[in-house]
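The structure appears below as structure tokens.
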Ligand code: CP
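Shown next as structure tokens:
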């Protein structure tokens, strides 16, 4: 059994195996393992697609999913996450799918007899999103090496950006980044300044959500003008290559970072990302609880 904490913990071969496994599940080419374990779902931050797809993925592989209700659990009485997981382990739970606002929260939990599946840790990492994004890229291009990707938007608060920049570079993709000044970081990312004259160069344009819950006061003044100034507007959509793909981890702010018209464009792969999230998370759960070649 394995933890699933950061995608960078895995070798390129292991990642390729997980992508192949996810696409086999999607195509119905692989029998579903019956893992028959109890799994806890602990979302300390809001989620729709990650939580539901992990729950569905666990169920499809024969597991029983129990949800920790934040309003009624003993976390509200001050019990720590460590002691909560220790309690769940004593009840026979083999793995916990956890989202937390605390970066690297899992580092304090690794001596427990329960496997951790990281469903997002603050602005640090979102490894299952990264795997489903890589799966979507591979599904569309059948390769990684040499592809040019532009990640644009709220880089500063995005765990998706950090996970993807790191892993896409490791897969030999060229990763450029575009952000308004308020969303830039001090990281050594390859920032571009002229979006309009460069957007036609990319195979993949990945948008990020303006994370209002993390910095409402910083962005509320620019929300109304954001799309034309910095977002994927219809004007910029018209400049994209015919065979480019458009990605966004969701949820999106419609007509803020992405124009409604983009959602009708055949190059938009956002719903494919959601679908691939289910199959990628099945591969992750089998990696953690199963006995498969990717282990
Ligand atoms: N992409 C993503 O993590 O979405 P949710 O917050 O809905 O899970």
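In my numbering, the protein residues as written are 81 to 375. Glycine included, every Cβ here is placed at the ideal spot set by N, Cα and C.
**Asked** Between residue 147 and residue 121, what straight-line distance do the alpha-carbon atoms span, to the nearest angstrom?
**Response** 5 Å
**Request:** Return yes when the C-beta of residue 184 is under 7 Å from any heavy atom of the ligand CP, and no when it is not.
**Result:** no
**Message:** I'd like to check one pair, residue 179 with residue 205: are the Cβ atoms closer than 8 Å?
**Reply:** no
**Request:** Taking only heavy atoms of the ligand CP into account, decide whether any of them is closer than 7 Å to the Cβ of residue 127.
**Result:** yes
**Message:** Taking 7 Å as the limit between beta carbons, can you name the residues of its chain near residue 184, skipping five residues before and five after?
**Reply:** 201 and 204
**Message:** What would DSSP say about residue 114, mapped onto helix, strand or coil?
**Reply:** coil
**Message:** Do residue 269 and residue 234 count as a contact pair if the criterion is CB distance below 8 Å?
**Reply:** no
**Asked** Any heavy atom of the ligand CP closer than 7 Å to the CB of residue 164?
**Response** no
**Asked** Within the chosen definition, does the region 281-288 reach the region 127-139 through at least 3 CB pairs nearer than 8 Å?
**Response** no
**Asked** Quick one: is residue 362 buried, meaning 16 or more other Cβ sit within 10 Å of its Cβ, or exposed?
**Response** buried
**Prompt:** Out of curiosity, what's the CA-to-CA distance linking residue 229 and residue 257?
**Reply:** 8 Å
**Inside the region 190-253 only - alpha helix (DSSP H) runs reaching at least 4 residues** = 207-221 and 239-250
**Prompt:** Using a threshold of 7 Å, is the CB atom of residue 233 nearer than that to any non-hydrogen atom of the ligand CP?
**Reply:** no
**Message:** According to DSSP, simplified to helix, strand and coil, what is residue 81?
**Reply:** coil
**Asked** Where are the beta strand (DSSP E) runs, 3 residues long or more, that stay fully inside the region 86-139, in chain order?
**Response** 118-123
**Asked** Does any C-beta atom of chain D lie closer than 8 Å to the C-beta of residue 142?
**Response** Any reference to chain D falls outside this structure, which holds one protein chain only.
**Anticipated Cβ contact below 8 Å, residue 287 with residue 245, distance rounded** = Going by Cβ atoms, the distance from residue 287 to residue 245 rounds to 14 Å, so no, they are not a contact pair.
**Request:** Would you check if the region 343-360 and the region 309-328 touch, i.e. whether three or more CB-CB distances between them fall below 8 Å?
**Result:** yes
**Cβ-Cβ separation, residue 334 to residue 276 (assumed contact under 8 Å), whole Å** = Actually they do not touch by this definition, with Cβ atoms about 22 Å apart.
**Prompt:** Just reading off the alpha helix (DSSP H) that residue 369 is part of, what are its end residues?
**Reply:** 350-369
**Asked** Do you know how far the Cα of residue 261 is from the Cα of residue 375?
**Response** Annotation note: pLDDT 44 at residue 375 (below 50); position unreliable, no value reported.
**Item:** residue 373 classed as buried or exposed, judged by whether at least 16 other C-beta atoms fall within 10 angstroms
**Value:** Low confidence applies here, because residue 373 scores a pLDDT of 45, under 50, leaving its location unreliable; read the following figure in that light. Flag for residue 373 reads exposed.
**Request:** Quick one: residues in its chain with C-beta nearer than 6 Å to the C-beta of residue 134, no 5 flanking neighbours on either side, listed in chain order?
**Result:** 177 and 361
**Prompt:** Would you say the beta carbon of residue 330 comes nearer than 7 Å to a heavy atom of the ligand CP?
**Reply:** yes
**Request:** Assuming residue 143 and residue 116 form a contact by the criterion Cβ under 8 Å, report the distance between their Cβ atoms to the nearest whole angstrom.
**Result:** 7 Å
**Message:** Between 345, 367 and 271, which has its C-alpha nearest residue 36's C-alpha?
**Reply:** Residue 36 falls outside the range modelled here, since the chain spans only 81 to 375, and no answer is possible.
**Message:** Among the candidates 96, 186, 340 and 341, whose CA atom is the shortest distance from the CA of residue 212?
**Reply:** 96
**Message:** Nearest by alpha-carbon distance to residue 132: which of 368, 357 and 364 is it?
**Reply:** 357
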